[in-house]
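There are 2 protein chains.
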Amino acid sequence: MKYSSQTRLLVAVDCVIFGFDGTDYKLLLIQRGFAPEKEKWSLMGGFIQPNESADEAASRILEQLTGLTEVYMEQIQAFSTPERDPIERVIALPYVALIDIEKYKTQINDDFHARWYNIKSLPNMIFDHKEMVELALNKLRYKAAFHPILFELLPEKFTLPQLQAMYEGLYDTKIDKRNFTRKVLSTNLLKKENEKDKSSSKKGAFYYSLDEEHYKENFTNIHNFIPRNEIPVGNE
Amino acid sequence: MKYSSQTRLLVAVDCVIFGFDGTDYKLLLIQRGFAPEKEKWSLMGGFIQPNESADEAASRILEQLTGLTEVYMEQIQAFSTPERDPIERVIALPYVALIDIEKYKTQINDDFHARWYNIKSLPNMIFDHKEMVELALNKLRYKAAFHPILFELLPEKFTLPQLQAMYEGLYDTKIDKRNFTRKVLSTNLLKKENEKDKSSSKKGAFYYSLDEEHYKENFTNIHNFIPRNEIPVGNE
DNA sequence: TGGTATAGTGTAAAAAATACAGTTAATAAT
DNA sequence: ATTATTAACTGTATTTTTTACACTATACCA
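Just so you know, the sequences run in chain order A and B.
The numbering of the first sequence is UniProt numbering, which starts it at 1 and goes up by one.
The numbering of the second sequence is UniProt numbering, which starts it at 1 and goes up by one.
Structure representation (structure tokens):
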């Protein structure tokens, strides 16, 4: 028994993969290996296979490219206009992923000719991939203002100046150090380590790490990481 | 030229249609007319047709059932586990819709044996429709705390007590009248009318209406309609 | 005319957010 | 050894926002 009279469609997931290099946000793009728009830049994507869910497909595709698993990913809105892919109709389910750019370096898969692009100077991209990136960025900016998702981009140990730079990078703004520190520490998500990171100053900055227990419990809580007037007008 | 080797899948939209009757939130369900689970309760849904986007499909399906167009609708997360529909694999794109329950009454399509169910006592539903409803409710609770979406459920003219009842219903809580009024009016989204609604008290309550200009401009702004501790831990 | 039921209104206290600048620590240079 | 340098670190006063809380006003009805 089947829904026999109905039209079936291709369904793909596309991964909007962001990384942060300490100063700037980067987007991981690949060079499309086949026509149309061969060699133009594209999000890493792939069709959903018969035996997998969209989430599984997204993880699979992310792993193919980066070698990484257990990465923060979130589905964003489906793209479904009939003409979006000129070859054949494809419904796209985009996912945002945040990865620690350092971890990626060790596992890169060169088959795809991937490259990090600064989000401030993205190349032309195929189809509606640019829109997907905009949507993903918007969602990220909105969500990161209230939830500690950016912490996913950090290595195990990180400093408060690093964390602040991540927020400043995402919103392209300067944040007062004292106020930022106070807000972040008041969430109780962080544990102070005894060690210092000396790589960026003579004095050195203390390392912090996620207090895993509090982090998971309080992940969905509403925090306030950045000043109100920096939050983009968002709809998510 | 086609992506010939790939599997194509059915893609459906399902509409999670909420209404508010002045006291309670209701969900519009239909009795499924075909097997499996014939006559069990179901969200109104339908397959995406070759010539339409998911948004268009959702509008079409909503109109089929309710006769209503230009309704607030928003896509929520795709449901895609391979086994969710026992007949054949279907990717579902659920949409939340908010409709003015009074408007619906005049346009109801009886073909579908639709019924409003109080969200506090929902019947068993087919497949994963219950999960969709939970997700939709959660998203609604989260979003309505910051954005004036519930205003979509109101008739053209409404009173502050009515508006407050809508918020109290959604969060199942009591809100202080003075604080609520102050917050709502400070958004500048409302215009006070000279007329009163006498239907619910002897004194009568003044009507308000949306200040359309401010409403559209400020829709995406972040407001604060309900007390912090009533906002459900949400992730959207 | 008094009773009744809901609408409407203000203020003080607490909490949160903001604006703002000098001190500290470690290293490097002299 | 002293000094210079650079980024990390820290506190307070002010403003704004949020909360808690209770009495008066209005219109109808008996």
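Using N, Cα and C, we set each Cβ at its ideal position, and we do this for glycine too.
Given that a residue counts as buried once 16 or more other Cβ atoms are within 10 Å of its Cβ, and exposed if not, what is residue i?
i	result
G33/B	exposed
R115/A	exposed
L185/B	exposed
G45/B	buried
Y72/A	exposed
K26/A	buried
M132/B	buried
E83/B	exposed
G204/B	exposed
T159/B	buried
E217/B	exposed
R108/A	The sequence as given places Ile at residue 108/A; Arg does not occur at that position. When all chains shown are included, I108/A counts as exposed.
E212/B	exposed
E74/B	buried
If you draw a straight line from the alpha carbon of residue i to that of residue j, how long is it in whole angstroms?
i	j	result
F47/A	R8/A	13 Å
Y3/B	E56/A	21 Å
N138/A	P232/A	8 Å
F93/A	H214/A	Residue 93/A is actually Leu in this sequence, not Phe. Roughly 31 Å between the two C-alpha positions.
E230/A	Y171/A	7 Å
D111/B	E156/B	29 Å
K130/B	S121/B	12 Å
L189/A	P148/A	9 Å
F20/A	L163/A	11 Å
L28/A	T106/A	15 Å
I175/B	K103/A	48 Å
N23/B	R182/B	First, the residue type needs correcting, since residue 23/B is Thr and not Asn in the sequence shown. Straight-line Cα distance between these residues: approximately 22 Å.
I87/B	P36/B	8 Å
E152/B	L135/A	24 Å
T81/B	E195/B	53 Å
K40/A	V90/A	18 Å
G67/A	V16/A	15 Å
D197/A	A165/A	15 Å
S5/A	R60/B	19 Å
S201/A	P161/A	11 Å
T173/A	Q49/B	45 Å
I30/B	N224/B	35 Å
Y142/B	R228/B	11 Å
L10/B	N51/B	14 Å
S209/B	L65/B	27 Å
Y95/B	F18/B	11 Å
E70/A	K38/B	40 Å
D100/B	I99/A	43 Å
H113/B	D128/B	20 Å
When the distance is taken between beta carbons, is residue j closer than 7 Å to residue i?
i	j	result
S42/A	I126/A	yes
Y167/B	I119/B	no
F206/A	K192/A	yes
I97/A	L62/A	The sequence shown places Ala at residue 97/A, rather than the Ile named in the question. Contact flag set, yes.
A78/A	V13/A	no
D222/B	F146/B	Reading off the sequence, residue 222/B comes out as Ile, not Asp. Result yes, Cβ atoms of I222/B and F146/B sit closer than 7 Å.
Which residues share a DSSP beta bridge with residue i?
i	result
V96/B	V16/B and E74/B
M44/B	C15/B
L209/A	Position check: residue 209/A holds Ser in this sequence, whereas Leu was assumed. K191/A.
T159/B	Y207/B
Q31/A	W41/A
D197/B	A205/B
N224/A	According to DSSP, N224/A bridges with nothing at all.
I91/A	V11/A
Y25/B	F20/B
R115/A	L29/A
M125/B	W41/B
F79/A	A92/A
Q) Listed from N- to C-terminal order along the chain, which residues in the segment 60-94 of chain A have their beta-carbon within a distance smaller than 8 Å of any beta-carbon of chain B? A) From the segment 60-94 of chain A, only Q75, Q77, A78, S80, T81, P82, I87, E88, R89, V90, I91 and L93 have a Cβ closer than 8 Å to chain B.
Q. Given a limit of 8 Å on CB to CB distance, which residues of the segment 164-185 of chain B reach chain A?
A. From the segment 164-185 of chain B, no residue has a Cβ closer than 8 Å to chain A.
**Q.** Against chain A: residues of the segment 36-54 of chain B by CB proximity under 8 Å
**A.** Cβ contacts with chain A come from F47, I48, Q49, P50, N51, E52, S53 and A54.
Q.
Against chain A, which members of the segment 6-36 of chain B pass a CB distance test of less than 7 Å?
A. Result list: Q6, T7, R8, L9, L10 and V11.
Q: Using a Cβ-Cβ cut-off of less than 9 Å, give me the residues of the segment 200-221 of chain A that come near chain B, in sequence order.
A: Flagged, chain order: N218, F219, T220 and N221.
Q: Please name the residues in the segment 94-118 of chain A whose beta-carbon is closer than 9 Å to at least one beta-carbon of chain B, in chain order.
A: Residues of the segment 94-118 of chain A whose Cβ lies closer than 9 Å to any Cβ of chain B: none.
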